[in-house]
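Please read the structure below before turning to the comments.
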Amino acid sequence: MIDFFVSIGSAIMTPLYYAISFVLVGFHNVFGDLFGPTSGLAWVLSIIGLTLVVRAALIPLFVKQIKSSRNMQLIQPKVRELQKKYGHDRERLAQETMKLYKDSGTNPFASCLPILLQMPIFLALFRILDQAARNPQDKRGLMTPELNEQLSAAVFAGGKISDTFLNAEGVEVRVLAAVLVLAMTATTFLTQRQLMSKNMPADALSGPYAQQQKMLLYVLPVVFAVGGIAFPVGVLFYWTTSNLWTMGQQFYVIRNNPAPGTPAAEAKEERDRAKAARKGLKTPAQIEEERLAAEAEARRAEKSQTRQQPQRQTKAQRNKKKR
1 MIDFFVSIGS AIMTPLYYAI SFVLVGFHNV FGDLFGPTSG LAWVLSIIGL
51 TLVVRAALIP LFVKQIKSSR NMQLIQPKVR ELQKKYGHDR ERLAQETMKL
101 YKDSGTNPFA SCLPILLQMP IFLALFRILD QAARNPQDKR GLMTPELNEQ
151 LSAAVFAGGK ISDTFLNAEG VEVRVLAAVL VLAMTATTFL TQRQLMSKNM
201 PADALSGPYA QQQKMLLYVL PVVFAVGGIA FPVGVLFYWT TSNLWTMGQQ
251 FYVIRNNPAP GTPAAEAKEE RDRAKAARKG LKTPAQIEEE RLAAEAEARR
301 AEKSQTRQQP QRQTKAQRNK KKR
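Heads up: the sequence shown begins at 1 in UniProt numbering, then just goes up one per residue.
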């Protein structure tokens with residue numbers, strides 16, 4: 001039975017080993033020519049290049065993640081209404097909640113897709129680095145024994161990038177690993193906090209979904225900090241770079257396309273107003289406000305005119321006036 005699962009895992013991971021090593025070796029051919037094939041800087045830049053390729057490929061999923069997260073935030077008041085209405089009937093509550101998700105085009109699991117898809121890539125890179133350190137004579141993907149030797153011996157900032165905080169022999173590796181673990185933890189925390197503080201409406205900051213987000217805000221960094229001490233330095237470079245990409249990508253989306261009714265949306269409106277004022281133009285929001293104000297004024301004028309219109313007189317009243 002164990003052999004069966006091992007063979008299944010191997011069948012899944014082998015294509016990933018080839019894909020990851022193909023990109024890694026491709027970047028190393030470039031940076032190795034610049035800094036030397038055994039240079040730690042060449043391998044670190046190759047890992048960073050691999051990270052950028054992976055994250056660029058995941059941009060469509062990130063867009064879906066942002067849309068799903070935004071929809072989840074916006075429908076929270078309706079979710080709470082359903083909980084009040086059907087709280088006594090869990091089955092009906094689940095049915096109505098799923099119907100709400102379907103009608104609003106929301107996939108509650110879409111926010112997890114980017115990180116779930118990155119985990120096999122993360123594991124493949126981990127195994128490639130671990131293989132290079134433990135069994136450099138064995139080939140994995142496109143990593144030949146010669147490349148394994150170069151990767152295993154590569155030193156960056158005084159520490160081997162194939163070593164971990166736990167198995168490091170020198171202080172330099174532990175210091176480098178500790179700095180990267182702290183950077184990985186901090187970027188994870190800041191990315192989640194950025195989303196909650198700027199791109200969530202006030203009424204979405206309460207309820208089960210908000211509690212889940214708050215829990216993740218503190219739990220995920222702790223998980224990464226504890227697990228990070230067992231990751232090779234090269235993997236820590238991958239994950240920290242990925243977090244920085246996520247933080248920058250999310251900052252761009254929140255700044256330019258924030259969810260309605262959030263602090264980020266108010267800040268964007270203020271920027272648009274200031275920019276339009278400098279150019280002597282009006283923002284779409286101002287044009288819409290003026291249109292609504294004009295329609296309201298027209299309705300008031302119409303009502304006033306209706307009230308002031310004289311009543312029609314009967315023929316008898318007109319004859320009485322003539323006499």
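Note that CB positions come from ideal geometry on N, CA and C, so glycine has one too.
Do P263 and K198 come within 8 angstroms of each other at the CB atom, strictly closer than that value? Within the sequence shown, the letter at position 198 stands for residue 198. Within the sequence shown, the letter at position 263 stands for residue 263. Yes.
Original post:
Between which two residues does the alpha helix (DSSP H) harbouring N257 extend?
Top reply: Counting from one through the sequence shown, the residue named residue 257 turns up at place 257. Unbroken run through N257: none, as it is neither H nor E.
Fill in: Proximity of L166 and V233 at Cβ, strictly below 8 angstroms
The sequence position of residue 166 within the sequence shown is 166, counting from 1. The sequence position of residue 233 within the sequence shown is 233, counting from 1. Not closer than 8 angstroms, so no.
- Query: Grouping DSSP H, G and I as helix and E and B as strand, with all else coil, what is F156?
  - Reply: Stepping through the sequence shown from its first residue, residue 156 is reached at position 156. The answer is strand: DSSP assigns F156 an E or B state.
Q: Just grab the DSSP bridge partners of residue 328 for me.
A: Any answer about residue 328 is impossible in this case: the structure gives the chain only from 1 up to 323.
Check for me: the alpha helix (DSSP H) holding L93 runs from which residue to which?
Here residue 93 is taken as the residue at index 93 of the sequence shown, counted from 1. Run containing L93: 90-103, per the alpha helix (DSSP H) assignment.
Report the partner residues of P60 according to the DSSP bridge assignment.
The residue you call residue 60 lines up with position 60 of the sequence shown. The partner list for P60 (beta bridge, DSSP) is empty, contrary to what the question assumes.
Coil, strand or helix - P232 by DSSP | Reading the sequence shown from its first residue, position 232 is the one you call residue 232. Three-state result, P232: strand.
**Item:** Buried or exposed (CB count within 10 angstroms, at least 16 for buried), I20
**Value:** By 1-based counting over the sequence shown, the position of residue 20 is 20. That one is buried.
Would you say Y252 and A124 are within 8 angstroms of each other, going by their C-beta atoms? For the purposes of this step, residue 252 is identified with residue 252 of the sequence shown, where counting begins at 1. For the purposes of this step, residue 124 is identified with residue 124 of the sequence shown, where counting begins at 1. Not a contact, by the Cβ cut-off of 8 angstroms.
request  = Leaving out five residues on either side along the sequence, give the residues of the same chain with a beta carbon under 6 angstroms from the beta carbon of T246.
outcome  = Here residue 246 refers to the residue found at position 246 when the sequence shown is read from its first residue. Closer than 6 angstroms at the Cβ level, and outside the excluded window around T246, lie T191.
- Enumerate, from N- to C-terminal direction, the unbroken alpha helix (DSSP H) stretches of 4 or more residues contained entirely within the segment 268-299. none
- Reference A230; option with closest CA among T164, V155, T144: In the sequence shown, the residue the question calls residue 230 occupies position 230. Nearest of T164, V155, T144 to A230, Cα basis: T164.
Please report how far the alpha carbon of G159 lies from the alpha carbon of V175, in whole angstroms. Here residue 159 refers to the residue found at position 159 of the sequence shown. Here residue 175 refers to the residue found at position 175 of the sequence shown. Roughly 9 angstroms between the two C-alpha positions.
Margin query: Bridge partners for M143 per DSSP, in chain order?
Written below: The count along the sequence shown starts at 1 and reaches residue 143 at position 143. DSSP output for M143 lists R140 as bridge partner(s).
> Looking only at DSSP bridge pairs, what is T164 linked to?
Replying inline: Counting from one through the sequence shown, the residue named residue 164 turns up at place 164. Bridge partners of T164: P232.
- So, is the C-beta of V175 closer than 8 angstroms to a C-beta in chain D? The structure shown contains no chain D, having only a single protein chain.
Which of the three DSSP states is assigned to I128 in this structure?
Sequence index remark: in the sequence shown, residue 128 carries index 128 (1-based). It is helical.
Could you give the residue range of the alpha helix (DSSP H) that holds E81? Walking along the sequence shown from the start, residue 81 turns up at place 81. Here the alpha helix (DSSP H) through E81 covers 76-86.
Problem - R291 versus E297: straight-line alpha-carbon distance, rounded - result: To locate residue 291, count along the sequence shown from 1; it is residue 291. To locate residue 297, count along the sequence shown from 1; it is residue 297. Rounded to whole angstroms, R291 to E297 spans 10 angstroms at the Cα level.
Within this structure, are the beta carbons of I161 and V25 separated by less than 8 angstroms? In the sequence shown, residue 161 corresponds to position 161, counting from 1. In the sequence shown, residue 25 corresponds to position 25, counting from 1. It is not a contact, given that the beta carbons lie outside the stated cut-off.
Query raised in the report: Taking 7 angstroms as the cut-off, is the CB of A274 close to at least one heavy atom of the ligand ZN?
Result: With respect to the ligand ZN, the structure shown offers nothing to examine, as it has no ligands at all.
Next on the checklist: At the level of alpha carbons, what is the spacing between G87 and K78?
Outcome noted: Within the sequence shown, residue 87 is the residue found at index 87, counting from 1. Within the sequence shown, residue 78 is the residue found at index 78, counting from 1. Cα to Cα, the separation comes out at about 13 angstroms.
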